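Enquirer: Line by line, the protein sequences are chains A and B.
Numbering-wise, the first sequence is residues 12 to 364 according to the working numbering.
Numbering-wise, the second sequence is residues 12 to 364 according to the working numbering.
Positions of the beta carbon are idealized from the N, C-alpha and C atoms, including for glycine.
Predicted model only: the values in this text are computed from it and were never measured.
Would you mind keeping the following structure in view while I ask a few things?
2 protein chains.
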Amino acid sequence: MAGGGEEAATARNKKVVLRRHVTGFPTEEDMEIVDDTAALHVPAVSTAAVLVKNLYLSCDPWMRGRMSKHDDGDVVPAPDFVVGEALANFMVGKVIDSAHPEFKVGDHVWGTSGWEEYTLITQPESLIRIKNTQLPLSYYTGVLGMPGLTAYAGFMEVGRPKRGDSVFVSAASGAVGQIVGQLAKIAGCYVVGSAGSDEKVHLIKTKFGFDDAFNYKSETDLSAALKRCLPDGIDIYFDNVGGATLDAALLHMRKGGRVVACGMISQYNLEQPDGVRNLMTIIPKAVRVEGFNVGGYVHMYARFEEEMVEYIKEGKVVIMEDAVEGIESAPAALIGLFSGRNVGKQLVVVARE
Amino acid sequence: MAGGGEEAATARNKKVVLRRHVTGFPTEEDMEIVDDTAALHVPAVSTAAVLVKNLYLSCDPWMRGRMSKHDDGDVVPAPDFVVGEALANFMVGKVIDSAHPEFKVGDHVWGTSGWEEYTLITQPESLIRIKNTQLPLSYYTGVLGMPGLTAYAGFMEVGRPKRGDSVFVSAASGAVGQIVGQLAKIAGCYVVGSAGSDEKVHLIKTKFGFDDAFNYKSETDLSAALKRCLPDGIDIYFDNVGGATLDAALLHMRKGGRVVACGMISQYNLEQPDGVRNLMTIIPKAVRVEGFNVGGYVHMYARFEEEMVEYIKEGKVVIMEDAVEGIESAPAALIGLFSGRNVGKQLVVVARE
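This is the structure we're talking about:
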């Protein structure tokens with residue numbers, strides 16, 4: 012209940028604050044850890060807010076875009092972060108006070124909050140109450156959260172797999188890629204992944220069950236690597252990286268192929284993006300290159316969650332997380348995404364309960 | 012009927028022959044006019060061939076691809092032209108002998124034949140008999156032929172227009188572009204075109220009824236030109252040119268926008284294509300960039316023809332042709348496409364009857 016007349020308890024509230032807008036490659040120094048204080052009750056005047064203790068913060072490549080300063084009118088998936096304020100992203104948290112009838116103290120929720128220990132969420136309609144508490148809560152930053160829905164909706168709705176399709180996934184050990192590959196196997200596809208280390212390539216082939224994989228950093232010719240792994244071409248390319256890998260994949264798309272343009276992490280820190288030179292090949296091959304962002308697919312969440320929980324329980328989808336401890340570790344974890352330091356879904360454990 | 016026992020009449024048969032495979036910008040010297048002789052009867056052994064007198068030859072940008080030598084395994088819309096043999100493309104012709112029950116002497120047909128005066132067509136299943144002989148026969152090289160079907164299927168099936176959509180068309184006075192713009196008006200869209208001369212811009216706005224148009228050669232900033240003409244952005248970009256125009260258009264696509272990648276004439280003569288730098292914008296805007304070639308839509312021809320004939324009769328679609336006389340003029344007409352010399356649909360009148 013809203014903490015109207017009660018004693019206004021407070022707690023330390025460490026935050027990860029944006030120090031300056033970023034151009035080029037971000038560094039930890041673009042952020043700083045600030046000690047603040049949070050009231051542990053929803054303000055008495057509120058009729059709807061929820062106070063959440065953040066347990067797990069999600070680190071996702073798309074946050075890079077929000078660290079830049081955009082021009083008015085630029086189409087962006089979410090507003091720029093504000094200098095001097097906490098970054099924000101998806102999290103799993105626990106309700107510690109609530110003025111909203113749908114959320115009760117002790118509920119676990121996932122949704123968007125600040126990169127801080129406690130967040131007062133004034134529009135809790137964006138929160139989703141977690142029912143499947145028998146699975147690790149952290150899964151709601153990944154396989155059962157936005158990266159999972161991204162993989163599912165992007166692959167199923169935009170990629171439209173058919174049994175026997177050849178699928179290529181870049182950043183294949185990452186939060187989205189690892190799930191796309193496993194969904195592709197479930198759909199009866201042949202699936203090849205790329206990643207940036209031999210350790211990741213090994214994981215992709217063993218833990219995630221891809222049919223084949225290659226280390227893009229040690230290949231001298233990406234097109235030749237694709238030809239070797241997928242001699243008959245690609246029906247679906249699930250693109251998480253853009254740049255040279257996209258350009259090479261375009262050369263190998265089959266007639267009627269689909270490129271799910273989900274992310275282009277190789278490009279996020281460039282002031283001038285690489286030019287994609289092989290786009291012309293989509294004409295004779297009638298290839299569809301479709302930009303995907305999960306914002307348009309949130310209505311699918313309930314169906315997705317039900318299906319994915321089953322896959323996890325049956326062992327058809329396995330998950331690899333890269334969890335760092337403590338909110339102070341968050342800036343390095345975020346920056347590490349852009350050098351591929353993480354192995355699996357990157358998240359920050361702020362607290363376990 | 013097949014000319015089995017009859018006298019083997021012959022005629023002069025001038026041909027446009029490929030002299031060498033082309034890299035870079037093609038020239039008239041890559042072709043030569045050769046005097047040959049044609050038998051005017053289907054060979055007695057044939058049970059299906061049709062001998063066609065070519066009346067109108069179509070000049071289309073896509074022929075450029077066939078003038079190059081491709082590697083085995085390259086996906087191309089049609090085989091490379093053979094050095095020493097006649098080029099080939101769509102034509103309108105008249106049957107002067109036939110061993111095929113569906114085609115009779117005197118029938119007008121359209122389909123693919125050689126760049127020559129007479130062609131023996133051994134697979135006449137690819138020919139279409141022209142029923143609407145009350146319209147100019149040359150229309151079957153354009154608005155009622157492959158360019159028309161390209162415009163119709165590309166715009167309607169890939170572009171999927173909705174009333175009120177903002178549409179941008181490049182090469183808007185060309186064979187395909189002029190029709191796309193008029194179909195966009197019929198569909199209740201706001202339509203802007205680009206072209207390479209003030210004369211063409213004037214035509215686009217007056218004769219073809221586009222809402223606005225600009226000369227891409229005299230604009231210093233294509234993005235600014237698009238912003239001026241389409242301040243609220245683009246729902247459908249029908250791309251005939253690729254390169255810098257595509258890159259600029261990507262910046263102005265609206266959420267959920269569609270790019271019909273139909274042609275990239277700005278790129279056909281480059282040994283290294285321009286890089287498209289703004290492709291990343293398709294992700295936040297969920298833009299679909301779909302390669303289109305008419306090969307997959309031939310089944311729509313009958314429906315398309317019926318609808319288009321009505322539009323022409325009602326004056327809702329008007330046509331501009333750029334016709335040159337004589338097969339000797341064909342090489343220059345073809346080369347002229349790549350400098351934008353033609354105004355409207357380029358064709359060659361080989362004979363009128």
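From T34/B, R30/B, Q189/B, A22/B, pick the residue whose C-alpha is nearest to that of L281/B; which is it?
Expert: Nearest of T34/B, R30/B, Q189/B, A22/B to L281/B, Cα basis: T34/B.
Enquirer: Just checking, does the region 325-333 of chain B make contact with the region 152-159 of chain B on the three C-beta pairs under 8 Å criterion?
Expert: They touch, by the three-pair rule.
Enquirer: Along chain B, which residues have their Cβ under 9 Å away from the Cβ of C6/A?
Expert: Lying before the first or after the last residue shown, residue 6/A is absent from chain A, which here runs from 12 to 364.
Enquirer: Counting only Cβ pairs nearer than 9 Å, list the residues of chain B close to R239/A.
Expert: Those within 9 Å of R239/A in chain B number zero; the least Cβ separation is about 14 Å.
Enquirer: Please report the straight-line C-alpha distance between K211/B and S184/B, rounded to a whole angstrom.
Expert: Going from the Cα of K211/B to the Cα of S184/B covers about 6 Å.
Enquirer: Between R352/B and chain A, is the shortest Cβ-Cβ distance under 8 Å, so that the two count as touching?
Expert: R352/B does not count as touching chain A.
Enquirer: Just to make sure I have the definition right: I need the residues of chain A whose C-beta is within less than 8 Å of the C-beta of L358/B. Which are they?
Expert: Here the premise fails: no neighbours, minimum Cβ distance about 22 Å.
Enquirer: At a CB-CB cut-off below 8 Å, which residues of chain A make contact with K266/B?
Expert: Neighbours of K266/B on chain A, chain order: V86.
Enquirer: Determine the DSSP secondary structure at Q357/B, reduced to helix, strand or coil.
Expert: The answer is strand: DSSP assigns Q357/B an E or B state.
Enquirer: Please name the residue or residues paired with Y129/B in a DSSP beta bridge.
Expert: Paired residues: K64/B.
Enquirer: Closest to V56/A by CA distance: which of A110/A, M102/A, G199/A is it?
Expert: Checked all of A110/A, M102/A, G199/A; the closest Cα to V56/A is A110/A.
Enquirer: Hey, how far is the Cα of I346/A from the Cα of L155/B?
Expert: One C-alpha to the other measures close to 57 Å.
Enquirer: What does V178/B touch in chain A if you count any residue whose Cβ is under 9 Å from its own?
Expert: Under the 9 Å cutoff, chain A gives no residues; its nearest Cβ is about 19 Å from V178/B.
Enquirer: Determine the chain B residues that contact N304/A at a beta-carbon separation under 7 Å, and present them in chain order.
Expert: Those are I294, P295, A297, listed as they occur along chain B.
Enquirer: For chain A, is any of its Cβ atoms less than 8 Å away from the one on E168/B?
Expert: Closer than 8 Å: no.
Enquirer: Buried or exposed, going by whether 16 or more other CB atoms sit within 10 Å of the CB of E316/A?
Expert: Buried.
Enquirer: Given that a residue counts as buried once 16 or more other Cβ atoms are within 10 Å of its Cβ, and exposed if not, what is E128/B?
Expert: That one is buried.
Enquirer: Using DSSP bridges, identify the partner residues of M42/B.
Expert: Bridge partners of M42/B: L29/B.
Enquirer: So, at 6 Å on beta carbons, what are the nonlocal neighbours of Q189/B in its own chain, with the 5 sequence-adjacent residues on each side left out?
Expert: Correct list, in chain order: F219.
Enquirer: Give, in chain order, every residue of the region 279-292 of chain B whose Cβ lies closer than 9 Å to some Cβ of chain A.
Expert: Those residues of the region 279-292 of chain B that come within reach of chain A (Cβ to Cβ, closer than 9 Å) are Y279, Q283, P284, D285, G286, V287, R288, N289, L290, M291, T292.
Enquirer: Do the CB positions of F92/B and L29/B come within less than 8 Å of each other?
Expert: Cβ atoms of F92/B and L29/B: closer than 8 Å.
Enquirer: In chain B, what lies closer than 7 Å to G307/A by C-beta?
Expert: Per Cβ cutoff of 7 Å: A297.
Enquirer: Give, in chain order, every residue of the region 214-245 of chain B whose Cβ lies closer than 8 Å to some Cβ of chain A.
Expert: Against chain A - using a Cβ distance shorter than 8 Å - the region 214-245 of chain B contributes no residues.
Enquirer: Drop a sphere of 10 angstroms on the beta-carbon of D108/A, count the other beta-carbons inside from all chains shown, and report buried for 16 or more, exposed for fewer.
Expert: The residue in question, D108/A, is buried, as its Cβ has 16 or more Cβ neighbours within 10 Å.
Enquirer: Please confirm whether F166/B and V203/B have their CB atoms less than 8 Å apart.
Expert: Contact flag unset, no.
Enquirer: With a CB to CB cut of under 8 Å and the five nearest residues on each side skipped, what residues in its chain are close to N353/B?
Expert: Closer than 8 Å at the Cβ level, and outside the excluded window around N353/B, lie C70, G185, D333, A344, G347.
Enquirer: Could you pull the start and end residues of the alpha helix (DSSP H) that K266/B belongs to?
Expert: Element bounds for K266/B: not the alpha helix (DSSP H) but the beta strand (DSSP E), 264-272.
Enquirer: Bridge partners of T48/A, per DSSP?
Expert: According to DSSP, T48/A bridges with R23/A.
Enquirer: Counting Cβ pairs closer than 8 Å, one from the region 265-278 of chain A and one from the region 244-253 of chain A, do we hit at least three?
Expert: Yes, the region 265-278 of chain A is in contact with the region 244-253 of chain A.
Enquirer: Would you say G192/B faces chain A, with C-beta separation under 8 Å as the test?
Expert: By this cut-off, G192/B is not an interface position.
Enquirer: Identify, in the order they occur along the chain, each residue of the same chain with its Cβ nearer than 8 Å to the Cβ of K369/B, setting aside the five sequence neighbours on each side.
Expert: Residue numbering for chain B in the displayed model covers 12 to 364; residue 369/B lies beyond these limits and cannot be assessed.
Enquirer: So for M12/A, helix, strand or coil by DSSP?
Expert: Note on M12/A: pLDDT 44, under 50, position unreliable in the model; the coordinate value appears next. Coil at M12/A, not helix or strand.
Enquirer: Taking 8 Å as the cut-off, decide whether the C-beta atoms of S124/A and T133/A are in contact.
Expert: No, the Cβ-Cβ distance between S124/A and T133/A is not below 8 Å.
Enquirer: Within 8 Å of any Cβ in chain A, is that where the Cβ of G253/B sits?
Expert: Yes - at least one Cβ of chain A is within 8 Å of the one on G253/B.
Enquirer: Give me whichever residues DSSP pairs with R299/B in a beta bridge.
Expert: Paired residues: E301/A, R269/B.
Enquirer: Determine, using beta carbons only, whether A37/B and R75/B come nearer to each other than 8 Å.
Expert: Position check: residue 37/B holds Pro in this sequence, whereas Ala was assumed. It is a contact, given that the beta carbons lie within the stated cut-off.
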